[in-house]
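Engineer:
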Amino acid sequence: MSVSSAPHLLSIDDLSVDDIVCLLELGDRFAEVAERAVPKVPALRGKTVALAFFEDSTRTRLSFDLAAKRLSADVLTFTASASSLSKGESLRDTTETIRAMGVDAVVIRHRHAGAPAQVAAWLDGVSVVNAGDGAHQHPTQALGDAYTLAKHRQANGLAAEPANPWRLDGTHVGIVGDIAHSRVARSAMAVYAALGAHVTLVAPPTLLPVELSAWPHVSVSHRLDEVIDSLDVVSLLRMQRERASSDVFGSVREYVDRYGLTLERACRLKPDAVVMHPGPVNRGVEIASGVMDAAPNVLIGHQVTHGVALRAGVLYALLGRADADVEAEASRDDRR
Ligand code: CP
């Protein structure tokens, strides 16, 4: 798929390695824009982006909102809890109603896997961005996290290939926790593998998906202590109590004992290893408060900051003029 001609971003699996690198580079352009005194460009003036969040969100919704506004798009915000869904209106009629208002893109989050693809099939001519669907995909989170990691490695002289600074060859990424219910893990595995990193999934058997054979490029460990001192990245996942169908682990205490990033485990990390988490965090479960607040190389705040720029890049890739000079667009400011 060519990013410049793609109407939707539904899954990392739809992207080539070149597409992924193109989106990271676009994100980088808009990260530079974010550093300016007036962090706004007129690139999407006249376009309208609808944020259709049928499931709760803080980071993704706010960062798409800010990203669209920084590109000078108009933003339409749909809030499920205050909508006519409570009167029985269907997903199709709700999104058709949003389309009828003249939007160019719909950014959708939904608890059901496949909802964004279904909406894309209904809304001909409107770009659809998957902002997280069930336990399926969360492509912009994974792209933003890969961007954050690559920028950290560039800044610290750890880039695998200076000529291709987005490559992560030789980087060992441990994705730790509730893999089974994590859309972030599914998207992140694909992005990291595409960029050359080696991924180890670290989880108890009850929190691993049954379709592991579909990912032959990943390793699996059931013990964090077995791999912690070999990891360059510890990417922690939230325990998703709302998606787990039953109590899949003995107790929270037992989970922390075996998979939590405690102070003791943090001390065993390589000196240049980094800690990541897509949020929201269950403090004291996936990560000890003392590690989250005080340990060096915790990139959680950077993941949020970079998520805005990466999402601006995605919106620009989908809605920007195909013939536009990205450098020139990102250089123009909005003070005219
Ligand atoms: N990481 C993430 O998707 O967070 P939100 O649910 O707050 O958007």
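Residue numbering for the sequence shown follows our numbering, beginning at 1040 and increasing consecutively. Ideal Cβ positions, reconstructed from N, Cα and C, are used throughout, including at glycine. Quick caveat, the model's predicted, so the values are computed rather than measured.
Would you mind working out which of G1183, K1108 and T1099 sits nearest D1067, comparing C-alpha positions?
Structural biologist: Position 28 of the sequence shown holds residue 1067. If we check each option's Cα against that of D1067, G1183 comes out closest.
Engineer: Using 8 Å as the threshold, is the C-beta distance between V1088 and A1156 below it?
Structural biologist: Position 49 of the sequence shown, counted from the start, is the residue given in the question as residue 1088. Position 117 of the sequence shown, counted from the start, is the residue given in the question as residue 1156. Taking 8 Å as the Cβ cut-off, V1088 and A1156 do not qualify as a contacting pair.
Engineer: When every heavy atom of the ligand CP is checked, does at least one fall within less than 7 Å of the C-beta of G1173?
Structural biologist: Sequence index remark: in the sequence shown, residue 1173 carries index 134 (1-based). No, the ligand CP has no heavy atom inside 7 Å of this Cβ.
Engineer: So what's D1057 in DSSP terms, helix, strand or just coil?
Structural biologist: On the sequence shown, position 18 is the one that residue 1057 refers to. Helix at D1057.
Engineer: Going by CA-CA distance only, name the one from E1303, L1110, S1050 and S1274 that's closest to A1152.
Structural biologist: As a first step, residue 1152 is located in the sequence shown; it is residue number 113 there, counting from the start. Of the candidates E1303, L1110, S1050 and S1274, the one whose C-alpha sits nearest the C-alpha of A1152 is S1050.
Engineer: Using the beta-carbon count (16 or more within 10 Å), is R1367 buried or exposed?
Structural biologist: Residue mapping note: residue 1367 aligns to position 328 of the sequence shown, counting from 1. This sequence places Ala at residue 1367; Arg is not what is there. Burial call: exposed.
Engineer: Tell me whether R1008 counts as near the ligand CP, meaning its Cβ is closer than 7 Å to at least one heavy atom of that ligand.
Structural biologist: Nothing about residue 1008 can be read from this structure; the chain reaches only from 1040 to 1375.
Engineer: S1102 lies in the alpha helix (DSSP H); which residues open and close that run?
Structural biologist: Walking along the sequence shown from the start, residue 1102 turns up at place 63. Note, S1102: alpha helix (DSSP H), R1098 to R1109.
Engineer: If you reduce the DSSP assignment to three classes, tell me which class I1214 lands in.
Structural biologist: Taking the first residue of the sequence shown as position 1, residue 1214 is located at position 175. DSSP places I1214 in strand when its eight states are reduced to three.
Engineer: Identify whether I1051 lies in helix, strand or coil by the three-state DSSP scheme.
Structural biologist: Taking the first residue of the sequence shown as 1, we reach residue 1051 at position 12. Three-state result, I1051: helix.
Engineer: Tell me, please, which residues DSSP counts as bridged to A1089.
Structural biologist: As a working note, residue 1089 is residue 50 in the sequence shown. The partner list for A1089 (beta bridge, DSSP) reads L1115 and V1145.
Engineer: For M1331, does the three-state DSSP call read helix, strand or coil?
Structural biologist: The count along the sequence shown starts at 1 and reaches residue 1331 at position 292. In this structure, DSSP gives M1331 a helical state, which the three-state scheme calls helix.
Engineer: Can you tell me which residues form a DSSP beta bridge with M1315?
Structural biologist: Counting from 1 along the sequence shown, the entry for residue 1315 is found at position 276. DSSP lists S1274 as partners of M1315.
Engineer: Three or more C-beta pairs under 8 Å: does that hold for the region 1053-1068 against the region 1304-1318?
Structural biologist: no
Engineer: Roughly how many angstroms lie between the CA atoms of K1108 and P1081, to the nearest whole one?
Structural biologist: Locating residue 1108 in the sequence shown gives position 69, counting from the first residue. Locating residue 1081 in the sequence shown gives position 42, counting from the first residue. Approximately 9 Å, taken between the alpha carbons.
Engineer: Using the rule of at least 16 other Cβ atoms within 10 Å of the residue's Cβ for burial, across every protein chain shown, is V1215 buried or exposed?
Structural biologist: Indexing the sequence shown from 1 puts residue 1215 at position 176. With 16 or more other Cβ atoms within 10 Å, it is buried.
Engineer: Which residues bound the alpha helix (DSSP H) around D1296?
Structural biologist: Position 257 of the sequence shown, counting from 1, holds the residue named residue 1296. V1291 to Y1298 is the extent of the alpha helix (DSSP H) around D1296.
Engineer: If you draw a straight line from the C-alpha of R1192 to the C-alpha of A1198, how long is it?
Structural biologist: Taking the sequence shown and counting its residues from 1, one reaches residue 1192 at position 153. Taking the sequence shown and counting its residues from 1, one reaches residue 1198 at position 159. Straight-line Cα distance between these residues: approximately 5 Å.
Engineer: Anyone know if the C-beta pair for A1154 and D1172 falls short of 8 Å?
Structural biologist: The residue labelled residue 1154 in the question sits at position 115 within the sequence shown. The residue labelled residue 1172 in the question sits at position 133 within the sequence shown. Contact: yes.
Engineer: Compute the Euclidean distance between the alpha carbons of D1364 and R1262, then round it to the nearest angstrom.
Structural biologist: In the sequence shown, counting from the first residue as 1, residue 1364 sits at position 325. In the sequence shown, counting from the first residue as 1, residue 1262 sits at position 223. Spanning the two alpha carbons is a distance of roughly 49 Å.
Engineer: Roughly how many angstroms separate the alpha carbons of T1118 and E1094, rounded to a whole number?
Structural biologist: For this step, residue 1118 is matched to residue 79 along the sequence shown. For this step, residue 1094 is matched to residue 55 along the sequence shown. Approximately 9 Å between the Cα atoms of the pair.
Engineer: With D1172 as the anchor, note down where its alpha helix (DSSP H) starts and where it stops.
Structural biologist: Numbered from 1 along the sequence shown, position 133 holds the residue referred to as residue 1172. It is not in any alpha helix (DSSP H) - D1172 instead sits in the beta strand (DSSP E) that spans S1166 to D1172.
Engineer: Verify whether the separation of the beta carbon atoms of I1059 and V1230 is less than 8 Å.
Structural biologist: Position 20 of the sequence shown, counted from the first residue, corresponds to residue 1059. Position 191 of the sequence shown, counted from the first residue, corresponds to residue 1230. Yes, Cβ-Cβ distance for I1059 and V1230 is below 8 Å.
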